[in-house]
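In the UniProt record's numbering, the protein residues as written are 1 to 540.
Even for Gly, the Cβ is constructed at its ideal location relative to N, Cα and C.
Here the structure is a predicted model, which means the values were calculated and not measured.
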């Protein structure tokens, strides 16, 4: 645990027959990776408490799939009995998560059976009434015909767990109805870094490539919370070799030594011009990680401009074998959304009259006009559903075959381990059915056809488990684009904030999980960490 996760609280006491495994007195294992000790225990003495005594291994159906609780796309195995997911285990993939998964990936699966939407619901006054699919879709069609939204008065918002197929289907439908107003529920700075150059919005060095880095600068990110398994790679390279790790942004308890240079764009500018910037410019494989906190900052344009200028100026950031500028996304759907253009490039001031929420639960009251007709499509009753006039029950990631693109641009697919509960359906099929009621029928009827549509938009979306290479010439043009797009950026000086304050409650599934609620009770919203010191390898 200490070597991989940086959690020194776990060990042994006593000797011989009196030896006991445990934690420090009155302490828990304060780590996002603690569940991995279950897999490491050679005799089965350390077991999963939520799973204990619930099932026998031969009763379970095993399905190899991927995790969607962050943008890493960890490979997992889902064990299910009937329609219930019993446990989630890591699956080996040395290029992504090795053999580790975060505690949220492992233990939040009990949230799949609580707060579920199992049947269409139609608002009647201040209450929801159960309806059939035909009644729900007819209600939506009637409201659309009555409101007659023009252009961007029709708006679609996608959430953190949306798959690529459903986003493509919804975008196609919105476009056929005459609107270009599609966006995500969390700001992702597509207007700043653009989408023309894919290297400007993915993790170019690759997750596995972190181990080759010899200088690292973190900007606006807390990798422990945003990508726990990726954070273990940073700790791994920190333990193995001498390197400096710098950090700009809100400070956090790291599992490695780092130098905190400040919290805003001025601190970044000073750092890049100073001693640490000199070290980056002389490194063989320098690594800059720009976190999602930057995208949500008022100074996002200025930060991207500084990073683009620095990378363009120093050739070691862009070689045939290395691209040292990386964006770390925190949500599973974000790179896929950028790949298919599910983002509003030209922000509009048009007040929406008809709003379609595709699993969008990070929205605010100001995002939804009070007089707008709202459709919510998703699998849990969370914030987004509370705004809705009609609710359409969709499928969770363990209940469908769907495409996701991780933060490094790797296309992966989930596989159905169970059937959706009640009359819930796969998300893209719901959008396809609705298109008929709205008189804008979409031209695909099965999974093969819609994936062919994905291939038309971006061919790499149908090439699974590979990363589309980007030439260093194209990457250099991308760096220059970061500078040119943001030449007129004004410095506001707002401090960068960590976008995730509560690791255990980041999405609708984890917020519905009793186990994650217990973690909040034990650890609080933030994980307090006793920082481990780097061991002296000469003493080993």
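Could you check if residue i is buried or exposed, using at least 16 other CB atoms within 10 Å of its CB as the buried criterion?
i, result
"residue 109", "buried"
"residue 379", "buried"
"residue 305", "buried"
"residue 165", "buried"
"residue 58", "exposed"
"residue 242", "exposed"
"residue 85", "buried"
"residue 282", "exposed"
"residue 192", "buried"
"residue 139", "buried"
"residue 188", "buried"
"residue 43", "exposed"
"residue 531", "Confidence in residue 531 is poor, its pLDDT being 40 and thus under 50, which makes the residue's placement too unreliable to answer from."
"residue 40", "exposed"
"residue 56", "exposed"
"residue 382", "buried"
"residue 149", "buried"
"residue 354", "buried"
Looking at the unbroken alpha helix (DSSP H) that takes in residue i, where does it start and where does it end?
i, result
"residue 448", "447 to 457"
"residue 334", "334 to 339"
"residue 225", "223 to 226"
"residue 523", "514 to 523"
"residue 357", "No alpha helix (DSSP H) contains residue 357, which is instead part of the beta strand (DSSP E) from 354 to 358."
"residue 511", "508 to 511"
"residue 36", "36 to 40"
"residue 328", "Careful: residue 328 lies outside any alpha helix (DSSP H), inside the beta strand (DSSP E) at 325 to 328."
"residue 140", "133 to 147"
When the Cα of residue i is compared with those of the options, which residue comes out closest?
i, options, result
"residue 386", "274, 125, 444", "125"
"residue 74", "482, 61, 92", "92"
"residue 384", "177, 364, 292, 38", "364"
"residue 272", "303, 284, 242", "303"
"residue 54", "80, 39, 41", "80"
"residue 220", "433, 190, 249, 234", "249"
"residue 543", "90, 66, 43", "It is not possible to answer for residue 543, since the shown part of the chain is limited to 1 through 540."
"residue 391", "71, 317, 136, 50", "136"
"residue 172", "438, 509, 502", "438"
"residue 517", "103, 430, 61", "103"
"residue 311", "41, 450, 480, 62", "480"
"residue 510", "41, 186, 177, 160", "160"
"residue 502", "485, 98, 488, 522", "522"
"residue 436", "174, 269, 76, 216", "174"
"residue 288", "326, 120, 266", "326"
"residue 285", "453, 315, 265, 230", "315"
"residue 586", "340, 460, 389", "Here the chain has residues from 1 to 540 only, and residue 586 is not among them."
"residue 267", "319, 217, 468, 227", "217"
"residue 94", "465, 497, 239", "465"
"residue 87", "98, 96, 61", "61"
"residue 371", "377, 389, 358, 357", "389"
"residue 343", "50, 519, 185, 145", "185"
"residue 323", "66, 260, 50, 477", "477"
"residue 158", "427, 130, 482", "427"
"residue 294", "317, 263, 417", "263"
Throw me the rounded Cβ distance for the residue i and residue j pair, which I believe falls under 8 Å.
i, j, result
"residue 413", "residue 403", "5 Å"
"residue 352", "residue 211", "46 Å between Cβ atoms; not a contact."
"residue 332", "residue 71", "6 Å"
"residue 470", "residue 361", "About 33 Å separates the two Cβ atoms, so there is no contact after all."
"residue 462", "residue 409", "Not quite, the Cβ-Cβ distance comes to about 14 Å (not below 8 Å), so this is no contact."
"residue 494", "residue 299", "6 Å"
"residue 255", "residue 100", "That belief does not hold up - the Cβ atoms of residue 255 and residue 100 are roughly 13 Å apart, past 8 Å."
"residue 112", "residue 396", "6 Å"
"residue 227", "residue 328", "6 Å"
"residue 209", "residue 178", "About 44 Å separates the two Cβ atoms, so there is no contact after all."
What residue range is occupied by the uninterrupted beta strand (DSSP E) comprising residue i?
i, result
"residue 122", "121 to 124"
"residue 367", "Premise fails: residue 367 is in no beta strand (DSSP E) and is neither H nor E."
"residue 127", "127 to 130"
"residue 246", "244 to 248"
"residue 260", "259 to 262"
Residue i: beta carbon under 7 Å from a heavy atom of the ligand ADP?
i, result
"residue 165", "The ligand ADP is absent from the structure shown, which contains no ligands of any kind."
What are the uninterrupted segments assigned as beta strand (DSSP E) that are 3 or more residues long and contained completely in the stretch 376 to 445, given in chain order?
390 to 393, 402 to 405, 411 to 414
Going along the chain, which unbroken runs of the alpha helix (DSSP H) with 4 or more residues stay wholly within the stretch 159 to 215?
164 to 176, 190 to 193
At which residue ranges does the UniProt domain "4Fe-4S Mo/W bis-MGD-type" (60 to 116) contain complete alpha helix (DSSP H) runs of 4 or more residues, listed in the order of the chain?
103 to 107
Which ranges does the alpha helix (DSSP H) cover as unbroken runs of at least 4 residues, wholly within the stretch 470 to 494, from first to last along the chain?
Counting only runs of 4 or more, we get 472 to 485.
Which ranges would you report for the beta strand (DSSP E) in the stretch 271 to 320 if only whole runs of at least 3 residues count?
286 to 291
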